[in-house]
Structures are given as C-alpha cells and as structure tokens.
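Notes to accompany the following structure.
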Amino acid sequence: MKQLTKAEEEIMQILWQLEKANVKTIIENFAGSKPAYNTVSTIVRILESKGFVGYEKVGKGHIYFPLLAQSEYSNQSISKLVNGYFQGSFKSMVSFFMEKNDISTSELEDILQEIEKNNKKS
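Here UniProt numbering is used: the first residue of the sequence shown is 1, the next is one more, and so on.
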C-alpha cells in the first residue's frame, strides 16, 4: 500500500470522520487555517488515483468517500513503523517510548490491559 503525505492523511482523517463529503465540506472541517479549494480538490484527485478515495457524481459535483477503512490504514502504518525502525519488535518500540519518557506508567498499564483483553478473546 502506498503511504500518504501529511496533507493526504489530513484529508483522509476528515473523510473517515465524515464518511462522505464534497470538497467544500472537507475544507470546512479543517482545523485552523483553511486550504484553498483547488489545493484540496487536487489532493482528493491524487487520493482517488492512489485508490484511497472513491466518488459519486451528484449534479455537477462529486461526493467523495474513503475506499480504505481507517483501521486498515492504521494497522499497515504501524506495521511499517515497527518493521522499519524497530526490526519488527513491538517490545523494542514500547521500550523506546519508555526510555524517552513518552509513555507514562498508567498508559503502559492500559496497554497491558488491552493486550490481556485481546488475548482472552483469542
């Protein structure tokens, strides 16, 4: 799967949240400063060519929608991160964040509880 640029990912986050939207609605949902209409339109067309976004024609415009679930993209992005920087080891990744103090003890406990919960489902 192709990776998204920061701008593409920002638009995908909005589409995942809204499920369907035209370019104007996407722009309205940007936090902070709003990008130009042509910029968003171009990025949406790039996302379409990459296979991330589909559209339906409505009148003279288009309504865009994600073709890929957010969870699927997240899983593949995390896997790429773990494989690329931590030699495929989630343990190494967690250790890295612990050493850098980017993860609190309570967050680590929450992670362990999630792991235990998922192991009980299996």
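We put the beta carbon where it would ideally sit given N, CA and C, even for glycine.
Please list the terminal residues of the continuous alpha helix (DSSP H) segment that includes G84. Position 84 of the sequence shown, counting from 1, holds the residue named residue 84. From DSSP, the alpha helix (DSSP H) with G84 extends over Q70 to Y85.
When the distance is taken between beta carbons, is M98 closer than 7 Å to V82? Numbered from 1 along the sequence shown, position 82 holds the residue referred to as residue 82. Numbered from 1 along the sequence shown, position 98 holds the residue referred to as residue 98. No; because the gap between Cβ atoms is not below 7 Å, this pair is not in contact.
Using only CA atoms, which one of E109, I103, E8 and S95 lies nearest to G42? Counting from one through the sequence shown, the residue named residue 42 turns up at place 42. Residue 42 is actually Thr in this sequence, not Gly. Closest by alpha carbon: E8.
Cβ atoms of I14 and F29: under 7 Å apart, would you say? Taking the first residue of the sequence shown as 1, we reach residue 29 at position 29. Taking the first residue of the sequence shown as 1, we reach residue 14 at position 14. At residue 29 the sequence reads Asn, which differs from the Phe that was named. The answer is yes: Cβ separation under 7 Å.
Opposite V58 in the DSSP bridges: which residues? To locate residue 58, count along the sequence shown from 1; it is residue 58. Among the bridge pairs identified by DSSP, V58 is matched with G61.
With V44 and V23 assumed to form a contact (beta carbons below 8 Å), what rounded beta-carbon distance in angstroms separates them? As a working note, residue 44 is residue 44 in the sequence shown. As a working note, residue 23 is residue 23 in the sequence shown. V44 to V23, Cβ: 6 Å. Contact.
Cα-Cα separation between P35 and A21, rounded to whole angstroms: Looking up residue 35 in the sequence shown gives position 35. Looking up residue 21 in the sequence shown gives position 21. Here the C-alpha atom of P35 lies approximately 16 Å from the C-alpha atom of A21.
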